[in-house]
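Chains as they are written, first to last, in my numbering: chain A, 6 to 312; chain B, 6 to 312. All C-beta atoms, glycine included, are put in the ideal place defined by N, C-alpha and C. Quantities reported herein were computed from a predicted structural model and do not represent experimental measurements. Only one structure is covered here, and it is reproduced in the block below.
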């Protein structure tokens, strides 16, 4: 199997669910450790209105510190999520390497998140993406709720492919399918990524799964089988809502890498460094996180158990 | 994809790790509910020496109650694990439909479990299996520690295939590969079951995974892809050791069926009935069990959440 690429999104998708705002210095500590671990791409935050998501209010400061400060190894890509033109301007001013944006394939989810339906949101995001490309930035466009929606239930694959098709028409080459609600099954993942590849076999494909119902690693494996090369995941499995019984967050980075390493991939990643970050995250929030390997230790090396 | 078959092993593999002995009446309650749920095969216990595993001391009584008592729907297969000739005699006297036995592919694990090396244990188990067949019983033979061993680490696939090859020579057609330690990765699962099918394409293949490192459902999906049709799993994800940080038990039955149902399989199983058993198991042990769906509810139907 081909080499895979990990895109750590815990400090964005993981933290935005947490009510307790993590101090900027703590985020920088985690980000620097993540950069040193060998994970290739790290999402530091989201350029959303600070009043809307206070946890993301320091995203500009994080990028300023990471761009000028020590500890950014060569080859590390820093990404950020952008929701609109205003966010894009902040991202462009912050030296983001990879700008991520997306549209939900659920009309209800789209309206709730953006106040726009799918068609309007797609127009808007394509405009943002074109401008980012014109400014010399790498862009990844995602289809959110691509495998199901908490509001609408099943999402027709044709609707996902129509949005992706508009991305391709606009010249975008890096497409992520996001399972925002954790509804995806591995069979569905193989089918939908297969259909996406049939649109254009040369695309750079990324996936983003949540482990809400325990299917996160199964879906990641299915995506690997379907030719996906970039995997979005969250250290410690952050991203679950601690205030509900549905605690599953993003697919856990160190669990995913642990699996991939046993399959001969991700050899350059320092999984112990990731486990140390996960243990620190658990200590910061004062609760057990959804990730597994930071508690069990690595197969054959239980002595590294951090907790 | 073809239809799959669930083999519930929670009352054997799940409970044998628990120090608190479950009263026979409680086991019967769970077994009757499991039988009514539509799960096709249910393992009620193990014919092991009662002094060695007190939790399994009532296996003969369970079978007596299930054979004569009410609530055994047509089509339900009852299985039991047998370790040796003495256990086989008890199983034959108890009216077990499917007799399960196995050999570990780890020399160390085999010695610790049985006092015999692999070669001697294989001879012995094949003798047991032949006698069971001669008595008109169905037999499933497994290779334990087929994907890795807590004592020995990686287990050479050739050793697994050699044991399976001896099963086939003895005329056995139902072979299970068991990931006793939870070390398997989905890539390894596809490879090893693929190699097993290459020995004989007409075998009835079964798998048995533990979720120790979170890879249980991923491995089940890989097994499905590799042509496996029978899946051993444990209600509530029982089987984890509650006294260590490594809490992952067997693959959780209701989580597995939840995934398969979303993929168009297991339509006849009443997943709500399984969730009710899992909730009762959690209540009995007074702790959260490893399973996910009994806590989150079914996708799109969160109101069934049992806890």
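DSSP, reduced to helix, strand and coil, places residue 260 (chain B) within a helical segment of the structure shown.
Straight across, the Cα-Cα distance linking residue 144 (chain A) with residue 169 (chain A) is about 14 Å. Taking the C-beta atoms as reference points, residue 114 (chain A) is found no nearer than 7 Å to residue 172 (chain A).
Residue-level contact by beta carbon holds for residue 267 (chain A) and chain B, with a gap shorter than 7 Å.
Assigned with DSSP and collapsed to three states, residue 211 (chain A) falls in strand.
Residue 106 (chain A) is bridged by DSSP to A:146. At least one CB atom of chain B sits nearer than 7 Å to the CB of residue 264 (chain A). Going by DSSP, residue 48 (chain A) is part of the beta strand (DSSP E) stretching over 46-52. Annotation note: the region 186-247 of chain B contains the following uninterrupted beta strand (DSSP E) runs of length 3 or greater, listed N- to C-terminal: 209-214 and 235-238. Scanning chain A for C-beta atoms nearer than 8 Å to the C-beta of residue 278 (chain B) yields nothing, as the closest lies near 18 Å away. Where residue 179 (chain B) is concerned, the enclosing beta strand (DSSP E) starts and stops at 179-184.
Check the Cα spacing between residue 117 (chain B) and each of B:104, B:132 and B:149: the tightest is with B:149. Residues of the region 278-306 of chain A whose Cβ lies closer than 9 Å to any Cβ of chain B, in chain order: 296, 297, 298, 300, 301, 302, 303, 304 and 305.
Here the alpha carbons of residue 12 (chain A) and residue 254 (chain B) stand approximately 29 Å from one another.
When only Cα atoms are considered, residue 268 (chain B) and residue 196 (chain A) end up about 11 Å apart. In its chain, beyond the 5 residues on either side, 187 have a beta carbon closer than 6 Å to the beta carbon of residue 218 (chain B).
With the criterion set as a beta carbon lying under 7 Å from some beta carbon of chain A, the members of the region 222-242 of chain B are 222, 223, 226 and 227, in sequence order. If you draw a straight line from the Cα of residue 200 (chain B) to the Cα of residue 264 (chain A), it is about 21 Å long. Around the beta carbon of residue 112 (chain A), 16 or more other beta carbons sit within 10 angstroms, so the residue counts as buried. Between residue 60 (chain B) and residue 26 (chain B) the beta-carbon gap is near 5 Å, inside 8 Å, which marks them as a contact. Within chain A, no C-beta atom comes less than 7 Å from the C-beta of residue 116 (chain B); the nearest is roughly 19 Å away. Per DSSP, reduced to three states, the secondary structure at residue 85 (chain A) is strand. Close to residue 191 (chain A), with beta-carbon spacing below 7 Å, are these residues of chain B in chain order: 226. As DSSP reads the structure, residue 114 (chain A) sits in no beta bridge.
In this model, residue 92 (chain B) and residue 86 (chain B) are separated by some 8 Å (Cα to Cα). In the structure shown, residue 13 (chain A) adopts extended strand secondary structure according to DSSP, grouped into three states. By the rule that beta-carbons nearer than 7 Å mark a contact, residue 56 (chain A) does not touch chain B. Sequence-distant partners of residue 34 (chain B) (beyond 5 residues in either direction) whose C-beta falls short of 8 Å from its own C-beta, in its chain, are 285. Classified as exposed, residue 24 (chain A) has fewer than 16 neighbouring CB atoms from the shown chains inside 10 Å of its CB. For residue 218 (chain B), the C-beta contacts it makes with chain A under 8 Å involve 260, 263, 264, 297, 298, 301 and 304, in order along the chain.
The continuous alpha helix (DSSP H) containing residue 162 (chain A) extends over residues 162-174. Per the Cβ contact rule, the region 293-306 of chain A is not in contact with the region 224-240 of chain B (fewer than 3 Cβ pairs under 8 Å). Excluding sequence positions up to five before and after residue 164 (chain B), its CB lies within less than 7 Å of the CB of 110, all in the same chain and listed in chain order. The DSSP-derived three-state label of residue 153 (chain A) is coil.
Residue 158 (chain A) is bridged by DSSP to A:154. Looking only at B:161, B:215, B:137 and B:214, the smallest Cα-Cα distance to residue 177 (chain B) is reached by B:137.
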